[in-house]
Amino acid sequence: MMEKDKSAKILVTGGTGTTGRLVVEGLRERGIIPEIGTRTPSRESEVLFDWQQPETARRAFDGVDAVYIVAPTNTSDHGAVVPPVLDIARSCGVRRFVLLSASSLEAGGPMMGQIHAYLTDNVPEWTV
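Each residue of the sequence shown is one higher than the one before, starting from 1 at the first, in the working numbering.
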């Protein structure tokens with residue numbers, strides 16, 4: 001992910017969780033220092049980010065070029081929660097989106113399928 005451009009600012013949502021933590025470690029091994037989005041920031045590299053509180057998104061996405069998306073685990077209604085926050089990301093200039101999901105999900109289907117459809121319809125640079 002953006003390995004050639006180590007100056008790119010990357011936000012890892014859920015960056016203190018099981019998967020997000022591994023993404024953060026992998027980026028750091030490549031010399032990229034990401035921002036870590038978390039509901040409970042406690043370090044300088046961590047920023048407040050909560051899917052259920054969209055007002056936290058604007059500050060978290062400020063100056064970000066790419067985002068690693070770990071959808072919220074405390075809801076099954078991803079179609080209602082995630083797209084409004086991704087709209088904020090796009091309005092802040094985020095141009096690349098990487099979604100933790102399964103590529104076999106049907107776009108527009110339930111839960112994560114709704115996010116696949118959103119990305120397909122709204123984001124030029126994204127991957128699962």
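Note that beta-carbon positions come from the ideal geometry of N, C-alpha and C, so glycine has one too. Remember, predicted model here, so these are calculated numbers, not experimental data.
So is P34 buried or exposed if we call it buried at 16+ other beta carbons inside 10 Å? buried
Kindly indicate which residue of F61, L86, A60 has the alpha-carbon position closest to the one of A71. L86
Tell me, which residues are paired with W126 by DSSP? BP columns for W126 point to F97.
Buried or exposed: where does G15 fall if 16 or more other Cβ atoms within 10 Å of its Cβ makes it buried? Buried: at least 16 other Cβ atoms inside 10 Å.
Drop a sphere of 10 angstroms on the beta-carbon of L11, count the other beta-carbons inside from all chains shown, and report buried for 16 or more, exposed for fewer. buried
What's the gap between the Cα of S7 and the Cα of G93? 16 Å
For the beta strand (DSSP E) holding A66, just list the boundary residues, first then last. 66-69
Secondary structure at P41, three-state DSSP: helix, strand or coil? coil
Beta-carbon gap between A57 and I88 smaller than 7 Å: yes
Kindly indicate the opening and closing residues of the beta strand (DSSP E) around I10. Taken as a continuous stretch (DSSP letters only), the beta strand (DSSP E) holding I10 covers 10-13.
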